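Chemist:
In the numbering used here, the protein residues as written are 122 to 239.
1. Rounded to the nearest angstrom, how far is the Cβ of residue 144 from that of residue 125, given a contact under 8 Å?
2. So if DSSP puts residue 181 in a beta bridge, which residue, or which two residues, is it bridged to?
3. What is the DSSP secondary structure of residue 198, reduced to helix, strand or coil?
4. With DSSP as the reference, identify every bridge partner of residue 131, one or two as the case may be.
5. Alpha carbons only, please: which of 202, 158, 178 and 222 is nearest the one belonging to residue 191?
6. Residue 155 by DSSP, collapsed to three states: which one?
7. Can you give me the C-alpha to C-alpha distance between residue 138 and residue 164, rounded to a whole angstrom?
8. Specify, as a first and last residue, the run of the alpha helix (DSSP H) that residue 146 falls within.
9. Going along the chain, which residues of its own chain have a beta-carbon closer than 6 Å to the beta-carbon of residue 151, five neighbours each way excluded?
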């Protein structure tokens with residue numbers, strides 16, 4: 122970061138690309154960017170003994186009009202479950218190999234994939 126810009130390295134198939142962008146900017150990363158650490162037994166035990174503080178609006182000294190449902194810029198108009206468009210089909214077979222063969226056969230018949238030997 123430098124002033125009001127950020128310089129990022131973008132991975133391409135065969136090279137890296139350097140991109141400079143002005144703030145505000147959204148930067149995303151791939152899952153492989155970080156190798157997560159595994160907690161030690163001692164660390165897990167220590168974490169289990171800790172208490173998590175609960176902070177209220179008064180503790181944070183914030184304006185009630187800027188937090189919670191009142192302060193949210195997003196308003197939900199309605200919530201619904203989408204209607205089912207296509208009937209699903211369960212393929213029953215005695216083995217995974219047979220199920221895969223039946224699936225390929227059905228997809229070929231429906232012209233979703235081209236026929237061939239799989």
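Even glycine gets a Cβ: it sits at the ideal position worked out from N, Cα and C.
Quick caveat: nothing in here was measured; it's all calculated off a predicted structure.
Modeler: Taking the coordinates as given:
1. Correct: roughly 5 Å between the Cβ atoms.
2. Partner(s): none; residue 181 has no beta bridge.
3. Collapsing the DSSP output to three states places residue 198 in coil.
4. Per DSSP, 138.
5. Per the Cα distances, 178.
6. The answer is coil: DSSP assigns residue 155 none of H, G, I, E or B.
7. Cα to Cα, the separation comes out at about 39 Å.
8. Element bounds for residue 146: n/a, residue is neither H nor E.
9. There are no such residues.
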